[in-house]
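Structure record follows, encoded as structure tokens.
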Amino acid sequence: MNDDVRNIVLGLVATGISASLGWLARTYLWRRKLRRKQAFFGLPDNSESLLVVNHKAGGPELTVMRYDVFALLELSALIKECKAHAQVVAHDATQQGFGERTEFCVGGPYSNRRMAAHLSSLLPGTRMSVEADAGPELGALRIGSEEYRMERGRSEYVLLARLTANEQGEFRPVFLFCGQRAITNQAATRYLARHHERLHRKYGTGPFVLLLKVVNSQAYGPDVVELVADVTRAARTPLPEPEPAQS
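Residues 0 to 246 in numbering that gives the first Met the number 0 are what the sequence shown lists, from first letter to last.
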């Protein structure tokens with residue numbers, strides 16, 4: 000074998016080794032990214048999850064708002080990327096605890112009984128006005144001592160939460176998307192899809208409750224979202240009991 004042939008063979012071997020190392024490195028990084036994503040969402044390979052759907056306020060039980068359907072599609076894509084499976088369940092047909100399977104619960108307490116139960120038990124410092132005669136306060140979101148009213152189509156709020164049955168994260172999480180309107184639910188799911196890596200870096204697999212503001216949805220839809228505050232402590236601290244009326 001002359002020098003030219005030997006150099007060609009060595010070059011091909013070096014190229015093959017470099018390509019193999021590059022492929023191994025990319026595979027390792029891809030798998031590590033996938034494992035981090037699966038850990039954050041509580042979705043290991045081939046695991047099951049629940050998509051709890053609400054119904055259109057004032058409509059038939061099986062009528063789901065268009066933007067809530069879009070929210071479910073966003074979540075379905077995330078679940079598929081984690082190599083997991085989803086089961087769609089109506090809000091009033093989910094009679095079980097949480098922690099065994101990851102749950103994604105979409106919709107405010109006015110159209111989602113499951114969400115109302117979660118707010119009561121998991122976020123006792125949170126209230127949403129759902130009375131039909133509430134007037135301008137309809138849909139107002141109270142967190143601790145602060146109240147957030149919506150300006151329809153201009154300024155609307157939604158809670159995005161990741162909660163677990165205990166602080167050690169031994170159980171699968173429940174994700175809440177509790178908005179003042181259906182379009183804000185989709186905004187929250189899109190925010191989660193875009194920022195889950197940053198949220199994982201900040202919170203790990205622990206709980207968090209974020210208040211998001213959807214800006215000018217009548218022009219921009221669910222795309223323009225601002226993080227108002229991390230309200231984890233206020234949302235999880237029970238509201239004080241009202242003082243009894245003086246006789």
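Just so you know, even glycine gets a beta-carbon here, dropped at the ideal spot from N, CA and C.
Asked, Found
"Helix, strand or coil, according to DSSP, for Gly58 in the structure here?", "In this predicted model, Gly58 has a pLDDT of only 49, less than 50, meaning its place in the structure is not dependable; the value taken from the coordinates is given anyway. Here Gly58 sits in coil by DSSP."
"Find out if the Cβ-Cβ distance for the pair Leu211, Val227 is shorter than 8 Å.", "yes"
"Which whole-angstrom value is the C-beta distance of Leu72 and Ala192, which I expect to be below 8 Å?", "The pair is not a contact, with the Cβ atoms about 11 Å apart (cut-off 8 Å)."
"Tell me where the alpha helix (DSSP H) around Gln185 begins and ends.", "181-202"
"First and last residue of the beta strand (DSSP E) that includes Met127?", "125-127"
"Taking just the CA atoms, how far does Pro43 sit from Phe103?", "15 Å"
"How big is the Cα-Cα spacing for Phe39 and Ser144?", "30 Å"
"Considering only C-alpha positions, which residue in the set Gly152, Glu99, Tyr156, Glu150 is nearest to Thr125?", "Tyr156"
"Could you pull out every unbroken alpha helix (DSSP H) segment of at least 4 residues lying fully inside the segment 64-97, listed in chain order?", "65-80"
"Terminal residues of the continuous alpha helix (DSSP H) containing Ser120?", "112-121"
"Taking Cβ positions, are Ala160 and Val208 nearer each other than 8 Å?", "yes"
"Examine the Cβ distances between the segment 77-97 and the segment 146-156 and report whether three or more of them are shorter than 8 Å.", "no"
"Does the ligand GTP have a heavy atom nearer than 7 Å to the CB of Thr231?", "In terms of ligand content, the structure shown is empty, and the ligand GTP therefore cannot be addressed."
"Within the same chain, show all residues whose beta-carbon is closer than 8 Å to that of Val88, passing over the 5 residues directly before and after it, in chain order.", "Leu49, Leu50, Val51, Val52"
"Would you kindly work out how many angstroms separate the C-alpha atoms of Leu118 and Ser128, rounded to a whole number?", "13 Å"
"Measuring straight from C-alpha to C-alpha, what distance separates Leu33 and Cys81?", "7 Å"
"By how many angstroms is the C-alpha of Gly107 removed from the C-alpha of Ala85?", "21 Å"
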